[in-house]
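Undergrad: Take this structure first; my questions come after.
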Amino acid sequence: MESDTEVGSWDAELESLLLRVGERFGRVEPRRRMRDYVRGLLGPVGRKNSWQIAEHAGNDTPYGLQRLLSWCQWDPDEIRDDLRDYVADQLGQPDGVLIVDDTGFLKKGTVSAGVQRQYSGTAGRTENCQIGVFAAYASAKGRALVDRELYLPKSWTEDPDRCRAARIPEKRSFATKPELARAMVRRALDSALPIAWVTADAAYGQEWHFRRMLEEAGVGYVLAVPKSQQVKSPAGSWRIDHVLTGAPAEAWERISCGDGAKGPRVYDWAAAKLPTVEGSDPAHCRWVLARRSVARPEEIAYYLAFAPADATVGELVRVAGARWAIEECFQAAKNECGLDQYEVRRYVGWYRHITLAMLAHAFLAAMTAQALEKGAAETVRAASFPSPWQKSDGSWTLPIPPRPGTGHPRGGSTGPAGADATRPSPAAATTSAARAPIE
């Protein structure tokens with residue numbers, strides 16, 4: 135259990151963050167409602183909608199929180215910018231990775247902004263849902279969502295009356311998911327986030343405009359692509375699966391692309407640099423990669439990469455593996471911060487709830503990073519002693535030296551030879567990065 139000091143530290147950090155974003159609210163009432171809402175998203179609330187969050191905050195009705203999400207004057211994009219800067223401060227590292235992906239929000243009816251029957255990766259099938267495109271930031275310190283856009287199908291953008299009813303701005307026209315992703319990546323690159331790499335799944339990686347934008351910005355990428363992806367070189371064009379089918383056995387390396395829920399995610403990887411195209415950036419190289427399942431070798435995923443000239447295969451594999459971080463962000467933000475538990479239907483309400491849920495999740499990510507850093511600093515390393523084990527004639531022996539001044543073995547000591555018999559054996563301390571309760 136967390137101590138009162140730890141809980142107090144978390145609460146002070148939360149207050150600091152809420153003061154930081156509170157400046158975006160011109161009036162006291164919506165600022166107070168925002169604080170109640172974020173604390174409710176972080177608190178022990180069964181289902182994190184306006185009714186239950188209001189009850190948690192001690193309000194008689196949810197109407198104040200509903201006004202916060204619908205009619206109060208504040209811009210969620212300003213909160214998003216503050217959130218992104220907060221993540222840069224707390225999690226930013228020079229080799230940080232920006233990850234793009236989308237997730238579905240299952241909905242009933244036809245009036246929620248952007249809802250229609252469409253494929254949801256979350257459900258793994260076609261469902262009546264909304265789709266949000268998100269960007270997450272990941273480093274060795276942690277990961278957090280930093281941007282979001284609601285995908286609006288043509289069934290919405292080509293129906294002005296329907297858009298007006300859902301309070302969708304007139305200027306909002308149809309944009310594909312990769313186009314939404316490009317806009318978010320540009321915003322991230324213009325922000326304080328230190329970004330060295332971008333990664334995404336094949337829905338985004340196969341888009342030539344997406345890859346071209348990153349290359350023009352000089353940002354490395356490792357992007358999944360379908361097996362039919364064409365790979366071009368001065369000598370011609372081939373499907374990527376055909377290119378990598380010819381990889382010799384010794385080209386495959388067994389490498390972990392990071393830890394998962396069940397330990398290291400180990401695959402066989404093959405990677406090769408592509409020939410340099412005339413006029414291309416001399417500081418970067420293009421690569422093709424393949425990831426093969428160890429247990430099911432017929433399962434192969436393919437990637438295109440753009441990397442600094444001195445990048446190694448291990449680094450490309452690390453970036454490819456970072457894509458799972460956004461899935462972990464989705465799961466944590468939904469389970470811990472109610473990302474998908476909203477009951478708003480209009481466009482503006484979606485952005486406001488989602489942004490505040492992302493803010494709550496970023497706070498948890500920052501606190502986890504601080505706890506891990508503190509734990510690493512406080513860990514006591516076991517003392518190093520020469521091993522008393524000796525090998526002779528193929529078998530191990532454990533000699534016990536005599537007591538000083540006697541011919542008898544040392545008694546009562548469980549320590550190594552030469553160690554003080556009364557000295558306790560130090561154990562490495564462990565720390566918990568679990569979320570502290572916010573009261």
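Numbering (my numbering), first residue to last: 135 to 573.
Note that the Cβ used here is the ideal one computed from N, Cα and C, for glycine as well.
Would you mind sorting Asn469 into buried or exposed? The rule is 16 or more other CB atoms within 10 Å of its CB.
TA: Reading the sequence shown from its first residue, position 335 is the one you call residue 469. Burial call: exposed.
Undergrad: Helix, strand or coil: which one does DSSP assign to Ala270?
TA: In the sequence shown, counting from the first residue as 1, residue 270 sits at position 136. Looking at Ala270 - three-state DSSP - the assignment turns out to be strand.
Undergrad: Between Leu327 and Val267, how many whole angstroms is the CB-CB distance? I'm expecting something under 8 Å.
TA: One-based indexing of the sequence shown puts residue 327 at position 193. One-based indexing of the sequence shown puts residue 267 at position 133. Leu327 to Val267, Cβ: 17 Å. No contact.
Undergrad: Three-state secondary structure (DSSP) at Thr260?
TA: Locating residue 260 in the sequence shown gives position 126, where the first residue counts as 1. Correct three-state label for Thr260: strand.
Undergrad: Going by C-alpha to C-alpha distance, which of Ala456, Tyr253, Asp235 sits closest to Trp331?
TA: In the sequence shown, counting from the first residue as 1, residue 331 sits at position 197. Of the candidates Ala456, Tyr253, Asp235, the one whose C-alpha sits nearest the C-alpha of Trp331 is Ala456.
Undergrad: Nearest by alpha-carbon distance to Arg426: which of Ala439, Lys407, Arg399, Ala443 is it?
TA: Residue mapping note: residue 426 aligns to position 292 of the sequence shown, counting from 1. Checking every option, the nearest Cα to that of Arg426 belongs to Arg399.
Undergrad: Got a sec, what are the start and stop residues for the alpha helix (DSSP H) Ile187 sits in?
TA: Working through the sequence shown from its first residue, we reach residue 187 at position 53. Boundaries of the alpha helix (DSSP H) harbouring Ile187: 184-191, taken from the DSSP string.
Undergrad: Pick helix, strand or coil for Ala315, following the three-state DSSP scheme.
TA: The residue labelled residue 315 in the question sits at position 181 within the sequence shown. Ala315: helix per DSSP, three-state reduction.
Undergrad: Helix, strand or coil for Ala385, going by three-state DSSP, please let me know.
TA: For this step, residue 385 is matched to residue 251 along the sequence shown. Residue state, collapsed to three classes: helix.
Undergrad: Let me know the secondary structure DSSP gives Ala491 once reduced to three states.
TA: Locating residue 491 in the sequence shown gives position 357, counting from the first residue. In this structure, Ala491 counts as helix in the three-state DSSP scheme.
Undergrad: Drop a sphere of 10 angstroms on the beta-carbon of Thr333, count the other beta-carbons inside from all chains shown, and report buried for 16 or more, exposed for fewer.
TA: Against the sequence shown, residue 333 aligns to sequence position 199. Thr333 is buried by the Cβ-count criterion.
Undergrad: Which residues does DSSP pair with Thr333 in a beta bridge?
TA: Locating residue 333 in the sequence shown gives position 199, counting from the first residue. DSSP, once it has assigned bridges, lists Ile233, Val356 as partnering Thr333.
Undergrad: Taking the continuous alpha helix (DSSP H) assigned at Gly174, which residues delimit it?
TA: Position 40 of the sequence shown, counted from the first residue, corresponds to residue 174. 162-176 is the extent of the alpha helix (DSSP H) around Gly174.
Undergrad: From Trp144 to Ser289, what distance separates their C-alpha atoms?
TA: On the sequence shown, position 10 is the one that residue 144 refers to. On the sequence shown, position 155 is the one that residue 289 refers to. One C-alpha to the other measures close to 45 Å.
Undergrad: Buried or exposed for Lys366, going by 16 or more other Cβ atoms inside 10 Å?
TA: The residue given as residue 366 occupies position 232 in the sequence shown. So Lys366 counts as exposed.
Undergrad: Please state the DSSP three-state secondary structure of Val280.
TA: Residue 280 sits at position 146 when you count from the first residue of the sequence shown. In this structure, Val280 counts as strand in the three-state DSSP scheme.
Undergrad: Quick one: what's got a C-beta closer than 7 Å to Ile329's C-beta in the same chain, skipping five residues either side?
TA: The sequence position of residue 329 within the sequence shown is 195, counting from 1. Result list for Ile329: Gly230, Leu232, Ala322, Leu323, Val353, in chain order.
Undergrad: Taking all protein chains shown into account, do 16 or more other C-beta atoms lie within 10 angstroms of the C-beta of Gln363, making it buried, or fewer, making it exposed?
TA: Here residue 363 is taken as the residue at index 229 of the sequence shown, counted from 1. Buried, by the Cβ-count rule.
Undergrad: So who's on the other strand from Gln364, going by DSSP bridges?
TA: Locating residue 364 in the sequence shown gives position 230, where the first residue counts as 1. Checking the DSSP bridge columns, you'll see Gln364 partnered with Arg373.
Undergrad: In this structure, does DSSP put Pro142 in helix, strand or coil?
TA: On the sequence shown, residue 142 is found 8 positions in, with the first residue counted as 1. The amino acid occupying residue 142 in the given sequence is Gly; Pro does not appear at that position. Three-state DSSP puts Gly142 in a helix.
Undergrad: Out of curiosity, what's the CA-to-CA distance linking Gly243 and Glu261?
TA: Within the sequence shown, numbered from 1, the residue matching residue 243 stands at position 109. Within the sequence shown, numbered from 1, the residue matching residue 261 stands at position 127. Each residue's alpha carbon lies about 12 Å from the other.
Undergrad: What distance in whole Å lies between the Cβ atoms of Pro409 and Pro368, which are believed to be in contact at a cut-off of 8 Å?
TA: Residue numbering aside, residue 368 sits at position 234 when the sequence shown is read from its first letter. Residue numbering aside, residue 409 sits at position 275 when the sequence shown is read from its first letter. With 8 Å as the limit, Pro368 and Pro409 qualify as a contact, their Cβ atoms being about 6 Å apart.
Undergrad: With distance defined between alpha-carbon atoms, name the residue in Asp236, His190, Ser184 nearest to Pro196.
TA: For the purposes of this step, residue 196 is taken as residue 62 along the sequence shown, with counting starting at 1. Looking at the Cα atoms, Ser184 is the closest of the given residues.
Undergrad: Could you tell me which of Gly276, Trp342, Tyr476, Arg161 sits nearest to Asp223, measuring between CA atoms?
TA: For the purposes of this step, residue 223 is identified with residue 89 of the sequence shown, where counting begins at 1. Comparing Cα positions, the closest option is Gly276.
Undergrad: How should Ala417 be labelled, buried or exposed, when 16 other C-beta atoms within 10 angstroms of its C-beta is the threshold for buried?
TA: Indexing the sequence shown from 1 puts residue 417 at position 283. Exposed.
Undergrad: Does Met318 get closer than 8 Å to chain C when you measure Cβ to Cβ?
TA: Looking for chain C here will not work: only one protein chain is present.
Undergrad: What does the Cβ neighbour count give for Gly552, buried or exposed, with the cut at 16 atoms within 10 Å?
TA: Taking the sequence shown and counting its residues from 1, the one referred to as residue 552 is at position 418. Any reading at Gly552 must be qualified, since the residue scores a pLDDT of 38, below 50, and its modelled position is unreliable; the value itself is stated next. It counts as exposed.
Undergrad: Taking Cβ positions, are Leu199 and Asp170 nearer each other than 8 Å?
TA: Sequence index remark: in the sequence shown, residue 199 carries index 65 (1-based). Sequence index remark: in the sequence shown, residue 170 carries index 36 (1-based). Yes.
Undergrad: Quick check: is any heavy atom of the ligand GDP less than 7 Å from the C-beta of Pro164?
TA: Among the components of this structure there are no ligands whatsoever, and the ligand GDP is therefore not found.
Undergrad: So the alpha helix (DSSP H) Arg298 belongs to, where does it begin and stop?
TA: Within the sequence shown, the letter at position 164 stands for residue 298. Its alpha helix (DSSP H) spans residues 294-299.
Undergrad: Please report how far the alpha carbon of Val280 lies from the alpha carbon of Gln227, in whole angstroms.
TA: Along the sequence shown, one-based indexing puts residue 280 at 146. Along the sequence shown, one-based indexing puts residue 227 at 93. Their Cα atoms are separated by approximately 15 Å.
Undergrad: State buried or exposed for Asp216, treating a residue as buried only when at least 16 other CB atoms are found within 10 Å of its CB.
TA: Looking up residue 216 in the sequence shown gives position 82. With 16 or more Cβ atoms within 10 Å of its Cβ, Asp216 is classed as buried.
Undergrad: Among the residues of its own chain, which have a CB less than 7 Å from the CB of Val172, if the five just before and after it don't count?
TA: Numbered from its first residue, the sequence shown carries residue 172 at position 38. Leu152, Leu490, Leu493, Ala494, listed in sequence order.
Undergrad: What is the C-beta distance between Trp421 and Ala439, in whole angstroms, given that I count them as a contact (C-beta under 8 Å)?
TA: Walking along the sequence shown from the start, residue 421 turns up at place 287. Walking along the sequence shown from the start, residue 439 turns up at place 305. Trp421 to Ala439, Cβ: 4 Å. Contact.
Undergrad: Across which residues does DSSP place Pro442 in a beta bridge pair?
TA: By one-based count along the sequence shown, residue 442 stands at place 308. DSSP output for Pro442 lists His418 as bridge partner(s).
Undergrad: Starting from Arg251, trace the beta strand (DSSP E) in both directions and tell me its first and last residue.
TA: By 1-based counting over the sequence shown, the position of residue 251 is 117. DSSP places Arg251 inside the beta strand (DSSP E), whose first and last residues are 250-254.
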